[in-house]
Structure formats: structure tokens, C-alpha cells
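Chemist: Got a structure for you, questions after.
Residue numbers (this note's numbering): 1053 to 1310.
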């Protein structure tokens, strides 16, 4: 409650002074000239998050099905701690990894600086894997074993039983893992700020530089003053509302699938 009060009390007046339409839909972010349009950052955040989830969610779900149903006990004892270790790595370390490994790789394949929307999405896809895997494994293991046994008794293969029966039964829990992964991707700042290119312009493609809402805040809050600082707090308000909209949208989808 205190966080909400702080954000809205300090951010909404700035939106009113700048103009809600100019703030949300303006395409120019030039604080020194009094231009505070964050629409490119909103689009950048959505693109990076969506691409990261499209890459990370299928891998995470497949890995969870393997761990919950097909993984041997010995392999599980190795893979489970490895996934937990992946979850405990600080985001700055992911950023350094991307900067020294993924960025040069992108440079050699596509040319340019290597810092782009695609690069940021790749590292975010890796970062959300532990969240999706751990939550999905728990959901799959909570499914009654009779579902799997009954499917086998009806003639289905183990793979079909896992994907068509167990996964469907655990869909609400798996979807919760994806939601948490989306929230992690939207809110990530440090790793993205190191490899996204940080250009406050509309992204023209997967290989163009991009600046997200979180990156915009972290790059400029240290020296911002006056209306500039209040505009950054207003950016945090928009980020907060964006995450709420995503959660409500997924909750609506979850309600339909249950």
C-alpha cells in the first residue's frame, strides 16, 4: 500500500503536467528539451518480454515435463540443483555473460554492435527458465498419478499421456509459472541495460537497439531532478500498471481454461 501511495502520489502529478497523451504516446524522450514521451519504451518492453517468453516458455515447460515424468532419480538430483542455481545467479552476472558471449556471437552472425532487442530477449529467456521450470514441475508432480496410469491403460503412449493428460491437468499451475516468468522479464533492468542498446526510439526490427521502461529508470534516476525525476517515477507507475494488466489478462485466460 505504501509503495502504491508513493508511486501514484509522485507520478500522477508529473503525468498531468506533461500531459497524459504526450507522456504515454509521445515518441520523443529528451528531458533537457522538456520532451517526455515513453511510448518507444513501452513498445520496447512489450517486444522484449513477448519474445523472451516465446523462446523461454516452451523450453521451460518441456524441461519440466522431462523432470516430472521421464527423468531418472539420479539425473533429477543433478538437474534440480542446477536449475535452482540458475535461479540464484544475480542479474548483473547474466548481463556480463551476455556481454562477453552472446553479444560477440550476434556480432559475428548479424554484424553491427550486437546489442539489440533480440540479444536482450535471449538473455531474458534464459533468466526466466528457472521460474517456469520450478513452478511447472511442482504443478505436474501434484497431478494424481492415476491420470497417467489411466491414460496408459487406455492405450496412450507415455509421451502422449504426459503431454495430453498430465500437462492439461496441471495447466493452471504451469500458466502460473509462465505468469511469474513474464513478471520477471518485464521487471528486469540490469542485464537488459547492458545489452539492449539503450536507444529511446521505436524498434525497427529484432536487431535494432531498444530501451525498456526499467532501463530508462535505472539509467537516468541517478542524476534526474525536478520534472525529469517525477517523469521517471511516472514511468514506474506505467510499469506497475503494465504488470497488473498482464496479470489480469493471464488470470482471465486461466479462468477460461479451468
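Even for Gly, the Cβ is constructed at its ideal location relative to N, Cα and C.
Going by C-alpha to C-alpha distance, which of 1087, 1191 and 1205 sits closest to residue 1220?
Modeler: For the residues 1087, 1191 and 1205, the minimum Cα distance to residue 1220 belongs to 1191.
Chemist: Reducing DSSP to helix, strand and coil, say where residue 1281 ends up.
Modeler: It is helical.
Chemist: If I'm right that residue 1302 touches residue 1185 with Cβ under 8 angstroms, what's the distance once you round it to whole angstroms?
Modeler: Actually they are not in contact, since the Cβ atoms of residue 1302 and residue 1185 sit about 18 angstroms apart, beyond 8 angstroms.
Chemist: Just confirm the distance between the C-beta atoms of residue 1267 and residue 1244, as a whole number of angstroms; I'd bet it's less than 8 angstroms.
Modeler: That belief holds up - the Cβ atoms of residue 1267 and residue 1244 are roughly 5 angstroms apart, short of 8 angstroms.
Chemist: Thinking just about the alpha-carbon of each residue, which of 1304, 1290, 1297 and 1101 is nearest to the one in residue 1091?
Modeler: Closest by alpha carbon: 1290.
Chemist: According to DSSP, is residue 1187 part of a helix, a strand, or is it coil?
Modeler: Correct three-state label for residue 1187: helix.
Chemist: What's the C-alpha gap between residue 1272 and residue 1286?
Modeler: Approximately 13 angstroms, taken between the alpha carbons.
Chemist: Which residues does DSSP list as the beta-bridge partners of residue 1249?
Modeler: Looking at the DSSP assignment, residue 1249 forms a beta bridge with 1262.
Chemist: Given a cut-off of 8 angstroms on the beta-carbon distance, is the pair residue 1195 and residue 1237 in contact?
Modeler: No. Outside cutoff.
Chemist: Look up residue 1167 in the DSSP assignment and say whether it is helix, strand or coil.
Modeler: Residue 1167: coil per DSSP, three-state reduction.
Chemist: To the nearest angstrom, report how far apart residue 1109 and residue 1172 are at their CA atoms.
Modeler: Going by the C-alpha atoms only, they are around 16 angstroms apart.
Chemist: Quick check on the burial criterion: 16 or more other C-beta atoms within 10 angstroms. Buried or exposed for residue 1183?
Modeler: The residue is buried, with at least 16 neighbouring Cβ atoms inside 10 Å.
Chemist: Going by beta-carbon coordinates alone, are residue 1081 and residue 1252 separated by less than 8 angstroms?
Modeler: Yes; because the gap between Cβ atoms is below 8 angstroms, this pair is in contact.
Chemist: Looking at residue 1224 and residue 1112, is the spacing between their C-beta atoms short of 8 angstroms?
Modeler: No, the pair does not count as a contact, with Cβ atoms beyond the cut-off.
Chemist: Quick one: any contact between the region 1058-1068 and the region 1125-1138, if contact means 3 or more CB pairs under 8 angstroms?
Modeler: Touching, no, given that fewer than three Cβ pairs across the two stretches are closer than 8 angstroms.
Chemist: Going by CA-CA distance only, name the one from 1239, 1297, 1304 and 1283 that's closest to residue 1068.
Modeler: Selected option, being the one with the closest Cα: 1283.
Chemist: Cα separation between residue 1199 and residue 1206?
Modeler: In a straight line, the C-alpha of residue 1199 is about 11 angstroms away from that of residue 1206.
Chemist: Under 8 angstroms, do residue 1072 and residue 1176 count as touching if we go by C-beta distance?
Modeler: Not closer than 8 angstroms, so no.
Chemist: Under the rule that 16 or more other beta-carbon atoms within 10 Å means buried, what is residue 1146, buried or exposed?
Modeler: With 16 or more Cβ atoms within 10 Å of its Cβ, residue 1146 is classed as buried.
Chemist: Whose C-alpha, out of 1128, 1056 and 1075, is nearest the C-alpha of residue 1279?
Modeler: Comparing Cα positions, the closest option is 1075.
Chemist: How about residue 1079 and residue 1086: do their beta carbons lie closer than 8 angstroms?
Modeler: Going by C-beta atoms, residue 1079 is not nearer than 8 angstroms to residue 1086.
Chemist: Buried or exposed: where does residue 1264 fall if 16 or more other Cβ atoms within 10 Å of its Cβ makes it buried?
Modeler: The residue in question, residue 1264, is buried, as its Cβ has 16 or more Cβ neighbours within 10 Å.
Chemist: Does the beta-carbon distance from residue 1300 to residue 1168 come in below 8 angstroms?
Modeler: No, they are not a contact pair.
Chemist: Considering only the alpha carbon of each residue, which of 1248, 1242, 1241 and 1142 lies closest to residue 1170?
Modeler: The candidate whose alpha carbon is nearest that of residue 1170 is 1248.
Chemist: Helix, strand or coil for residue 1256? Go by DSSP, reduced to three states.
Modeler: Looking at residue 1256 - three-state DSSP - the assignment turns out to be coil, as it is neither helix nor strand.
Chemist: Excluding sequence positions up to five away, which residues of its chain have a Cβ less than 8 angstroms from the Cβ of residue 1154?
Modeler: Excluding positions up to five away in sequence, the list reads 1166, 1171, 1174, 1175 and 1247.
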